[in-house]
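Line order of the protein sequences matches chains R and E. Count the first sequence with this note's numbering and you get residues 21 to 157, in order. Count the second sequence with this note's numbering and you get residues 21 to 157, in order.
2 protein chains.
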Amino acid sequence: MQLSNTSKYAIRILSYMAREDSEYLYKSNELAKTLNISYKFLTKIMTELVKGKFILSIRGREGGFRLNNPASSITILDILKHFQAFTDFSTCILGNGACNPHNKCILHDKWASPRKDIRNMFATTTIDIVNSEDFKL
Amino acid sequence: MQLSNTSKYAIRILSYMAREDSEYLYKSNELAKTLNISYKFLTKIMTELVKGKFILSIRGREGGFRLNNPASSITILDILKHFQAFTDFSTCILGNGACNPHNKCILHDKWASPRKDIRNMFATTTIDIVNSEDFKL
DNA sequence: TTTAATTACTACTTTTTGGTAGAATTAAAA
DNA sequence: TTTTAATTCTACCAAAAAGTAGTAATTAAA
Numbered sequence: 021m022q023l024s025n026t027s028k029y030a031i032r033i034l035s036y037m038a039r040e041d042s043e044y045l046y047k048s049n050e051l052a053k054t055l056n057i058s059y060k061f062l063t064k065i066m067t068e069l070v071k072g073k074f075i076l077s078i079r080g081r082e083g084g085f086r087l088n089n090p091a092s093s094i095t096i097l098d099i100l101k102h103f104q105a106f107t108d109f110s111t112c113i114l115g116n117g118a119c120n121p122h123n124k125c126i127l128h129d130k131w132a133s134p135r136k137d138i139r140n141m142f143a144t145t146t147i148d149i150v151n152s153e154d155f156k157l
Numbered sequence: 021m022q023l024s025n026t027s028k029y030a031i032r033i034l035s036y037m038a039r040e041d042s043e044y045l046y047k048s049n050e051l052a053k054t055l056n057i058s059y060k061f062l063t064k065i066m067t068e069l070v071k072g073k074f075i076l077s078i079r080g081r082e083g084g085f086r087l088n089n090p091a092s093s094i095t096i097l098d099i100l101k102h103f104q105a106f107t108d109f110s111t112c113i114l115g116n117g118a119c120n121p122h123n124k125c126i127l128h129d130k131w132a133s134p135r136k137d138i139r140n141m142f143a144t145t146t147i148d149i150v151n152s153e154d155f156k157l
């Protein structure tokens, strides 16, 4: 009942990158230090974020990364989906084949409402939330 | 954002065992077949369930397993906790150290309410739910 | 007392996730 | 044109989770 490290890091990285204006180029080195993520693992995730079109990269000296879209348009759900961290709606929480109202696992009905709420929360929270209040990195 | 296979199996096994009256002894063989879980993996989980006092075992010929307590007293949360599938309340969803109102991750406030609802759902759902309606195994 | 049916134990293999190492590539600056 | 600071790629290593194999221990029935 928790997110993978990769998803967690991705959320923290992207929301941190929502702080500066869109011109600023974040370096892997800076990100790794301030977010306290191993440099090597971070660069792996950065590459994945580039492939997922969340960020764009400028290679070479003076290069770096910046968001590819306005922070207010990137939801937590977008990120989780990319890292397959939020299973789609046909798969139920007990994961015993697809659930439907006529053939449901014992938690099917109980899980429906919380699931909807979580999804909704993830879908309406964007990474620029960092600019509205004080958060730890 | 999902449960481990082991937790899922444990929930399915225990709720299946809530069907028959308390005298009946379930054999690993029967459980593995009806629940479609590999026999070897199932017996591993059964051993764990015995250690966790969820079930008791009768060894030897004509042996088997039965619930150790009334099905109506065993909650899904009990099971998840035993398999460490529900992290405790001090750890936040981004898992970046302990969160508190003065030092919180960006999802701290957003996650609070859904988390409470899920926990509540797990805490109030007992494995005898299978006896109130038709569910798949 | 032997046999068959059952759980329990120990150890291994496989798969997934998390993480690391090192070299290749790029492009600005010197 | 060389150096330097950055991303990218390929490959590996480690830890945890999932799953398998074989055998020992137990007990009732034959």
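C-beta: ideal position from N, C-alpha, C; glycine also.
Taking the Cβ atom as the reference point for each residue, do residue i and residue j lie within a distance shorter than 8 Å?
i: residue 115 (chain E); j: residue 28 (chain R); result: yes
i: residue 75 (chain R); j: residue 87 (chain R); result: yes
i: residue 96 (chain R); j: residue 145 (chain R); result: yes
i: residue 33 (chain E); j: residue 78 (chain E); result: no
i: residue 107 (chain E); j: residue 21 (chain R); result: yes
i: residue 35 (chain R); j: residue 126 (chain E); result: yes
i: residue 129 (chain R); j: residue 137 (chain E); result: no
i: residue 30 (chain E); j: residue 69 (chain E); result: yes
i: residue 113 (chain E); j: residue 131 (chain E); result: yes
Quick one, which of the options has its alpha-carbon nearest residue i's?
i: residue 81 (chain E); options: E:39, E:61, E:47; result: E:47
i: residue 44 (chain E); options: E:25, E:85, E:91; result: E:85
i: residue 38 (chain E); options: E:130, E:70, E:94; result: E:94
i: residue 122 (chain R); options: E:60, E:154, E:58, E:71; result: E:154
i: residue 71 (chain E); options: E:58, E:49, E:103, E:60; result: E:103
Measure the C-alpha to C-alpha separation of residue i and residue j and round it to an integer number of angstroms.
i: residue 163 (chain R); j: residue 51 (chain R); result: In the structure displayed, chain R extends from 21 to 157; residue 163 (chain R) sits before or after that span and is not available.
i: residue 111 (chain E); j: residue 117 (chain E); result: 7 Å
i: residue 56 (chain R); j: residue 73 (chain E); result: 41 Å
i: residue 2 (chain E); j: residue 41 (chain R); result: With chain E running from 21 to 157 in the structure shown, residue 2 (chain E) is simply not present.
i: residue 133 (chain E); j: residue 24 (chain E); result: 23 Å
i: residue 90 (chain E); j: residue 26 (chain R); result: 41 Å
i: residue 49 (chain E); j: residue 58 (chain E); result: 10 Å
i: residue 67 (chain R); j: residue 147 (chain R); result: 19 Å
i: residue 152 (chain E); j: residue 143 (chain R); result: 34 Å
i: residue 83 (chain E); j: residue 120 (chain R); result: 36 Å
i: residue 124 (chain E); j: residue 124 (chain R); result: 38 Å
i: residue 60 (chain E); j: residue 135 (chain E); result: 34 Å
i: residue 139 (chain R); j: residue 139 (chain E); result: 16 Å
Please tell me whether, using a cut-off of 7 Å, the distance from the CB of residue i to the nearest non-hydrogen atom of the ligand ZN is below it.
i: residue 61 (chain E); result: You won't find the ligand ZN in this model; it holds no ligand whatsoever.
Counting only Cβ-Cβ distances shorter than 8 Å, please list the residues of the stretch 31 to 42 of chain R near chain E, keeping chain order.
31, 32, 35
Against chain R, which members of the stretch 89 to 106 of chain E pass a CB distance test of less than 8 Å?
96, 100, 105, 106
Any C-beta of chain E within less than 7 Å: which residues of the stretch 133 to 151 of chain R qualify?
134, 137, 138, 141, 145, 149, 150
Which full runs of the beta strand (DSSP E) of 3+ residues lie inside the stretch 55 to 126 of chain E, going along the chain?
75 to 78, 84 to 87
Given a limit of 9 Å on CB to CB distance, which residues of the stretch 56 to 74 of chain E reach chain R?
56
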